[in-house]
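K.L.:
According to the working numbering, the sequence shown is numbered sequentially starting from 3.
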Amino acid sequence: MKSARGHLDGVVRMLEDSSVYCVDVLKQLKAVQGALTKVNEAVLRSHIRDHVVTASERGDADQIVEELMEALKYRP
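#1: GLU72 lies in the alpha helix (DSSP H); which residues open and close that run?
#2: Looking at the secondary structure, which residues open and close the alpha helix (DSSP H) in which HIS53 lies?
#3: Identify the continuous alpha helix (DSSP H) that holds VAL14 and give its terminal residues.
#4: Mind the definition here: the segment 5-14 touches the segment 32-39 only if three or more C-beta pairs lie below 8 Å; say whether that holds.
#5: Quick check on the burial criterion: 16 or more other C-beta atoms within 10 angstroms. Buried or exposed for GLU69?
Pasting the structure below:
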């Protein structure tokens, strides 16, 4: 998250500068997206480890499917 915030702060500064080259802003926005994708993947991995594995250990197939479907709704 700190990486995404750093990139986003950079975008804000760039947009406040009237001489900024738009392609440079687009590059920074792509970096923000990449950083947020990594955060998303880490949270999803944690959710699977903490909730799906637990449901699996209980043999609760319905809960496994429910946990995965709910988490995957928010996948970029």
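Backbone N, C-alpha and C fix where the C-beta goes; we use that ideal spot for every residue, glycine too.
P.N.:
By the coordinates alone:
#1: As a working note, residue 72 is residue 70 in the sequence shown. Counting along the chain, the alpha helix (DSSP H) containing GLU72 begins and ends at 63-74.
#2: The sequence position of residue 53 within the sequence shown is 51, counting from 1. Premise fails: HIS53 is in no alpha helix (DSSP H) and is neither H nor E.
#3: Along the sequence shown, read from residue 1 onward, the residue named residue 14 stands at position 12. Segment 4-17, the alpha helix (DSSP H) holding VAL14.
#4: Flag = yes, the segment 5-14 and the segment 32-39 touch.
#5: Your numbering for residue 69 matches position 67 in the sequence shown. Per the 10 Å Cβ criterion, buried.
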